[in-house]
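Peer 1: Residue numbers (the working numbering), protein chains in the order written: chain A, 1 to 417; chain B, 1001 to 1282.
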Amino acid sequence: MTRKRTFRRTAVALTAVSATVSLAACGGLGSGTDGGGDDGDGVVTFWHYYGDPHGVPLEAMLARYTEETGVEVEPRFIPYDDFNRTLQQQAAAGDLPDVALINAFDTSQMAQAGVIEDLSAYADEWGEQDAYYETGWETGQVDGATYGIPHLADDYALYYNEEILAEAGVEVPTTWDEMEAAAAAIAESGAASYGLAMSGIEGAEGATGVLLRTLAAGGDLADFGGDPGVAALESLQRMTASGGMSEGFLTWNEDDAMASFTNGEAGMAINSASAVNVVRENAPDMTWNVAPLPADATEATYLSAENLTIGAGSGDADAAWDLIEWMQQPSVLEEYLPERNKLPARDDVPGAVTDPVRAVFADQLVNSWAPTGDLAEKSNEALTIVQQALQAVISGSAAPADAAAEAQAAIDEALGN
Amino acid sequence: MLPAVVFVGATVVYPLLYSVLQSFYDVGLREVIQGGAQWVGLDNYIDQFSRSRFWYSGFISIVYAASSVALTFAIGLGLALLLRRDFRGRNVMRALILVAWVLPTVVSANVWRWLLDGSYGLLNALLRALEFLEGDLFWLGQQVTAIAAVVFATAWSFAPFAMILLSAGLQGIPKGLYEAARIDGASPWQQFRFVTLPQLRPVSLAALLLIFIYTFKTFDTIFLMTAGGPGGATATLPVYAYNEAFEFSRFDTASVATTVLMIVPIALSVAYFRTLRKETAA
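As structure tokens, then:
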């Protein structure tokens, strides 16, 4: 009796399972949706990930556009951590915004996945690509087509505490050898607990410092296993061993690293221009300045940027493009960028950077590096791999050369080489 | 009956099967959005099973879950025994202990992160004051201490839950058993060993299983405290699956991890219900 009932129950369950399986097979895995945004209601939907306070100038700018042109723009803020996932889900559901302001390095991936439109026809007619810094413009290019228009730019530079450097008797370092010596001298002199602070946390964010050091030595993310990558790992290893850097930087994100700079625990820090206001607010009495990053073989810095894109299947693509074009006018940028605390992606906006501290970042833009091509699509993974190598070296579980070689093998695999 | 079937089908069965099925297809971001995923059979499993990181994630998941369960159970039992006694402020204390359970993980995990920070953390300040420590020690920056820290943080938040289950179990033990034991001259330890523990067995088994399932799938505490680091040391299967899916857009191999993640608790639950049935029959 029991056995019979169990059998019947199993049979019902199996039928339900097989029905659902066939449902699943035709529901999404096998076939697909045709994408597609709204159907052209004349309202331009605009998604971005600028939370407070960064969203305020952006939305004010969009309101100005409506005032000037009468075209309604509907902004929507989605937190950065949820942004790409929301965009992907909406793409699968065929409900994308007209304009999406995305992280520049995700442009390639979004284009390959069919989330965003090819803007080549618009961009060619517009003809302003030569006004842009090359690296920034390249992030919007996928297989020779334009998918993203740079919105703004940012890069990394060296923050330093003038009093701490003076007390330790060191000059602002201009090469990484000088940096190692300066960091150690600061820690030894007792002027601050550490010489240099940077993020080294698990994941892509923590790879910025070691990547910058690798770029300076003439290396690249795609060839991290080469001599420059090994030299970078060795350099950071020496700095933590000498006390010039805290080994706790492996647990710090960029905000943590900046906190140790603003509270005077570290004499120098590597960060982007977006931290300028944070330092001004949190340490109003500190005397500090910003210098270009130490340079060896190259003066490269790391670009951080965002691109304006149009959602696949947008019914208001023309209106969306008009908005993008308007947003990139030098006169509009000159009003917007100082409020937004960022740098222009193009070099014909002299009025956008009047602040001398921010000018240091702006001057470096011409040397900025960003992953392009296949590497752009896999940059998150490659950076995560590089951070793992850094972690292994600092914790002493691998020698720099071995860690770099292992990272290279993993990067090659990710890139499909 | 039908609404229930539809509800369960739409919210549990369908997503579950979809996820399992996804592990047999080649699914990247493009396929999720545009469809057209290719059936690849067991390729994703073969690929994942040949990776040491995958096995490490499985191993560390079990280490993390087993240690968390043991510690949670021990603390929960201690608290339950303590609160069984009648003393002033018992209810206040019980309520306070429950705060750990109701506190959102995003709050507790960040508090732990700050407490354990190597340079300004409260724990190190305390250790320095007691002269156990000189300089900095980064608990979340070293593999063994990072694992211990996430286990401790997990046990801290789950212990009140264990306490409630075990308190209920303790209340169900007939007082007469203790009286009989005392008359036979049993010491407090003997009473605990030969009356309390055997009587608590059914509740304990249920509690252990529930806590294991909860901890085995825990993502938030670990992700917020260490993001799976340092060097992947605390990358349990949920963290591994998250990275595969949402960092690297490999939804297929992420599904391999989530399928394995699902099989372990299901197998344990089946074993549990078997034992239960046997015991009820006996």
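All C-beta atoms, glycine included, are put in the ideal place defined by N, C-alpha and C.
#1: On the DSSP bridge list, what partners appear for D155 (chain A)?
#2: Is there a Cβ from chain A that is less than 8 Å from the Cβ of Q1199 (chain B)?
#3: Report, in whole angstroms, the separation of the C-beta atoms of G1232 (chain B) and L1200 (chain B), which I expect to be a contact under 8 Å.
#4: Does the beta-carbon of R76 (chain A), which I'm using as the reference point, lie nearer than 7 Å to any heavy atom of the ligand GTP?
#5: Within this structure, are the beta carbons of P57 (chain A) and E339 (chain A) separated by less than 8 Å?
#6: Leaving aside the five residues before and after F1246 (chain B) along the sequence, list all residues of the same chain whose C-beta is less than 6 Å from its C-beta, in chain order.
#7: Distance cutoff 8 Å, beta carbons only. Does A91 (chain A) sit that close to anything in chain E?
#8: Measuring CA to CA, which of A:E406, A:D82, A:D220, A:G195 is closest to T298 (chain A)?
#9: DSSP three-state call for Y147 (chain A): helix, strand or coil?
#10: Using a Cβ-Cβ cut-off of 8 Å (strictly less than) and excluding sequence neighbours within five positions of D41 (chain A), which residues of its own chain qualify?
#11: Under DSSP, the alpha helix (DSSP H) around G229 (chain A) begins and ends at which residues?
#12: Grouping DSSP H, G and I as helix and E and B as strand, with all else coil, what is S22 (chain A)?
#13: Taking 8 Å as the CB-CB cut-off, is V1106 (chain B) touching chain A?
#14: So with CB distances below 7 Å, who are the chain A contacts of P1230 (chain B)?
#15: Give the residues from the stretch 1208-1237 of chain B that approach chain A closer than 7 Å (Cβ to any Cβ), ordered along the chain.
#16: Starting from F105 (chain A), trace the alpha helix (DSSP H) in both directions and tell me its first and last residue.
#17: Residues of chain B with a CB under 7 Å from the CB of V115 (chain A): which are they?
#18: If contacts are defined as beta-carbon pairs under 8 Å, then S199 (chain A) and E254 (chain A) qualify, I think. What distance do you get, rounded to the angstrom?
#19: Going by C-alpha distance, which of B:W1039, B:L1166, B:Q1191, B:A1162 is nearest G1176 (chain B)?
#20: At the 8 Å Cβ level, is E265 (chain A) part of the contact set with chain B, yes or no?
#21: Determine the extent of the alpha helix (DSSP H) in which R85 (chain A) is found, giving its start and end residues.
#22: Counting only C-beta atoms, is R1274 (chain B) closer than 8 Å to chain A at any point?
#23: Against chain A, with Cβ distances strictly below 8 Å, would E1247 (chain B) count as a contact?
#24: Taking W126 (chain A) as the reference, which of A:A399, A:I324, A:R358, A:R280 has the closest Cα?
#25: Taking F1138 (chain B) as the reference, which of B:I1263, B:T1258, B:L1123, B:E1244 has the closest Cα?
#26: Can you tell me whether T139 (chain A) is buried or exposed? The criterion is at least 16 other CB atoms within 10 Å of its CB, across all chains shown.
#27: Need the endpoints of the beta strand (DSSP E) that T45 (chain A) sits in, please.
#28: Which chain B residues are close to Q109 (chain A), counting only those with a beta carbon under 8 Å from its beta carbon?
#29: Does Q1038 (chain B) come out as helix, strand or coil in the three-state DSSP assignment?
#30: Could you tell me whether the Cβ of T208 (chain A) comes closer than 8 Å to any Cβ of chain B?
#31: Which ranges does the alpha helix (DSSP H) cover as unbroken runs of at least 4 residues, wholly within the stretch 1195-1235 of chain B, from first to last along the chain?
#32: Count the other C-beta atoms from every protein chain shown that fall within 10 angstroms of the C-beta of F1059 (chain B), then say buried if there are 16 or more, exposed otherwise.
#33: Pull up the DSSP beta-bridge partners for A291 (chain A), would you.
#34: I want to know whether the stretch 1235-1243 of chain B touches the stretch 1037-1057 of chain B - three or more CB-CB distances under 8 Å.
#35: Ends of the alpha helix (DSSP H) at Y133 (chain A)?
#36: Give, in chain order, every residue of the stretch 1161-1189 of chain B whose Cβ lies closer than 7 Å to some Cβ of chain A.
Peer 2: Taking the structure as given:
#1: A:L303
#2: no
#3: No, G1232 (chain B) and L1200 (chain B) are not in contact; Cβ-Cβ is about 38 Å, not under 8 Å.
#4: The model depicted lacks the ligand GTP and carries no ligand whatsoever.
#5: yes
#6: none
#7: Among the protein chains in the structure shown, which are A and B, there is no chain E.
#8: A:D220
#9: coil
#10: G315, D316
#11: 227-241
#12: Legend: pLDDT at S22 (chain A) = 39, less than 50; position of this residue unreliable, value from coordinates given subsequently. Of the three classes helix, strand and coil, the one that applies to S22 (chain A) here is helix, per DSSP.
#13: no
#14: E202, L250, Q391, S395
#15: T1226, A1227, G1228, G1229, P1230, G1231, G1232
#16: Neither: F105 (chain A) is in no alpha helix (DSSP H) and is coded neither H nor E.
#17: I1033
#18: 5 Å
#19: B:Q1191
#20: yes
#21: 80-93
#22: no
#23: yes
#24: A:I324
#25: B:L1123
#26: buried
#27: 44-48
#28: L1029, S1249
#29: strand
#30: no
#31: 1197-1216, 1220-1225
#32: exposed
#33: A:L158
#34: yes
#35: Where Y133 (chain A) is concerned, there is no enclosing alpha helix (DSSP H), given that its DSSP letter is neither H nor E.
#36: none
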